[in-house]
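So in the working numbering, spot 106 of the sequence shown is number 106, and the numbers just go up one at a time.
All C-beta atoms, glycine included, are put in the ideal place defined by N, C-alpha and C.
Below is one structure, written out as structure tokens; comments come after it.
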Amino acid sequence: MYVDRDGTLNPDLHYLADAARLEVYRGVAEGLRLLRAHGYLVVCVTNQSGIERGFYTEDEVARIHARLNEILEREGTRVDAFYYCPHAPEAGCACRKPGVGLFEQAERDLAIDRAGSALVGDRSLDIEAGTRLGLFTVLVPSRGHEREIARELGERQLAADVVAPSFRAAACHILAHG
Numbered sequence: 001m002y003v004d005r006d007g008t009l010n011p012d013l014h015y016l017a018d019a020a021r022l023e024v025y026r027g028v029a030e031g032l033r034l035l036r037a038h039g040y041l042v043v044c045v046t047n048q049s050g051i052e053r054g055f056y057t058e059d060e061v062a063r064i065h066a067r068l069n070e071i072l073e074r075e076g077t078r079v080d081a082f083y084y085c086p087h088a089p090e091a092g093c094a095c096r097k098p099g100v101g102l103f104e105q106a107e108r109d110l111a112i113d114r115a116g117s118a119l120v121g122d123r124s125l126d127i128e129a130g131t132r133l134g135l136f137t138v139l140v141p142s143r144g145h146e147r148e149i150a151r152e153l154g155e156r157q158l159a160a161d162v163v164a165p166s167f168r169a170a171a172c173h174i175l176a177h178g
């Protein structure tokens, strides 16, 4: 199963470069524990255009991912793999969501069964990528961005399979969907 990072697992701090500032939303660890206990591999796919824009480096992204797992491991869970796009939107690369290049790479690397997968994200780009792949999609709207996300989804003529109020609720929907 796939998860977005900023705005889904942790607050979106806009070009987060300092791993010490990373916090995880309440309920994320519990949701991940539930999913992993039911055999789901958790793969984070995230756009990180701040690399190309010079706001932070790939090493800083690696430190943030390590810190994220440190926090989650204290609560008995983890993200199994991280994939990120370092490009700005104008680069037009296939790996940047809503492109599906990183998802396809994860499928090859980790032998993921797409038919049994789901995606949890907080933005229309996440839902669009999941829809392109035929995944069960769960939207957990970024706090404070609910109206903007609803407008974006409407403009793209997209709808998530489920809109959930929290990551834990998203995990429960995925497990119920089976």
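For residue i, the residue or residues it bridges with in DSSP
| i | result |
| --- | --- |
| valine 138 | Val120, Val162 |
| threonine 46 | Tyr84 |
| tyrosine 2 | Val43, Leu119 |
Cβ-Cβ distance between residue i and residue j below 8 Å
| i | j | result |
| --- | --- | --- |
| valine 124 | isoleucine 149 | First, the residue type needs correcting, since residue 124 is serine and not valine in the sequence shown. Yes, Cβ-Cβ distance for serine 124 and isoleucine 149 is below 8 Å. |
| phenylalanine 103 | alanine 62 | no |
| leucine 158 | leucine 135 | no |
| arginine 168 | glycine 27 | yes |
| arginine 33 | glycine 76 | yes |
| arginine 114 | alanine 88 | no |
Contacting residues, own chain, Cβ-Cβ under 6 Å from residue i (five flanking each side not counted)
| i | result |
| --- | --- |
| phenylalanine 82 | Cys44, His65 |
| arginine 96 | Asn47, Cys85, His87 |
| histidine 177 | Phe136 |
| tyrosine 213 | Look at the range of the chain in this structure, 1 to 178, and you will see that residue 213 is not part of it. |
Same chain, Cβ closer than 7 Å to residue i, five either side skipped, listed in chain order
| i | result |
| --- | --- |
| tyrosine 15 | Gly50, Phe55, Tyr56 |
| valine 100 | Ala129, Arg132, Leu133 |
Beta-carbon proximity list for residue i, same chain, < 8 Å, skipping 5 on both sides
| i | result |
| --- | --- |
| cysteine 106 | A quick correction: the sequence has alanine, not cysteine, at residue 106. Closer than 8 Å at Cβ, skipping near neighbours: Tyr2, Val43, Val45, Ala81, Tyr83, Ile112. |
| leucine 175 | Leu34, Leu35, His38 |
Endpoints, alpha helix (DSSP H) assigned at residue i
| i | result |
| --- | --- |
| asparagine 69 | 58-73 |
| valine 28 | 28-37 |
| alanine 169 | 167-177 |
| glycine 154 | 146-155 |
Boundaries (first-last residue) of the beta strand (DSSP E) holding residue i
| i | result |
| --- | --- |
| cysteine 93 | No beta strand (DSSP E) contains cysteine 93, which DSSP labels as neither H nor E. |
| phenylalanine 179 | Residue 179 cannot be examined here, being either before or after the span of the chain that is shown, 1 to 178. |
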